[in-house]
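Enquirer:
Chains as they are written, first to last, in our numbering: chain A, 1 to 98; chain B, 1 to 98.
Take a look at the structure:
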């Protein structure tokens, strides 16, 4: 399992619209993707127009190939992308058990 | 509850030492802090010398005042800080239920 961590700045004033949009995008698009496991949304305290979301995938390829190369990604971005002030910063992370 | 997300670049070659050190720092220092709730460690797939850790606190002040202003923070940094290639980037986040 890997974690996608995405940080995205939303157009100021559109925070509530973005939260509604991503709720729809998760329930109608993301949860149907192969290898999708979990989603968490966080809003910045120091930067209230910035959100971090963490998505857990079964494998890196489930995200980078299976999801991003599919029509589901087009649908996902169509629902949430209009609220982005800039392209999201996305990286992938391996969980470390300590 | 709030989430502290810290991103830190480790001196290349010291990744395993850092993982051992942070395990000790969590078990001996962090878990004794008032308001500490949970810790997760992630290692970068694109940037394997970079780690993200997420710490959940009961409140923002439990971290920024209670922990950071205490001797526990000095002990925490003494254990893990020697492996840092640069100061960590730390921000606080509010969980959003969608």
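Note that beta-carbon positions come from the ideal geometry of N, C-alpha and C, so glycine has one too. It should be emphasised that the depicted structure is a prediction, and the values quoted were computed from it without experimental measurement.
Along chain A, in chain order, which residues have C-beta atoms closer than 8 Å to that of residue 93 of chain B?
Expert: Simply 42, 43, 44, 45 and 52.
Enquirer: Is the CB of residue 3 of chain A under 8 Å away from at least one CB in chain B?
Expert: Yes, because at least one Cβ of chain B sits closer than 8 Å to the Cβ of residue 3 of chain A.
Enquirer: For residue 62 of chain A, does the count of other Cβ atoms within 10 angstroms reach 16, so buried, or fall short, so exposed?
Expert: With 16 or more Cβ atoms within 10 Å of its Cβ, residue 62 of chain A is classed as buried.
Enquirer: Counting Cβ pairs closer than 8 Å, one from the region 89 to 98 of chain B and one from the region 40 to 54 of chain A, do we hit at least three?
Expert: Enough Cβ pairs lie closer than 8 Å, so yes.
Enquirer: May I have the straight-line CA-CA distance separating residue 29 of chain A from residue 3 of chain B, to the nearest angstrom?
Expert: If I take the Cα positions, the gap works out to 26 Å.
Enquirer: Could you give the distance in angstroms between the alpha-carbon of residue 72 of chain B and the alpha-carbon of residue 45 of chain B?
Expert: Taking the straight line joining both Cα atoms gives about 31 Å.
Enquirer: Specify the secondary structure class of residue 56 of chain B as computed by DSSP and reduced to three states.
Expert: Strand, per DSSP.
Enquirer: Could you check if residue 74 of chain B is buried or exposed, using at least 16 other CB atoms within 10 Å of its CB as the buried criterion?
Expert: Burial call: exposed.
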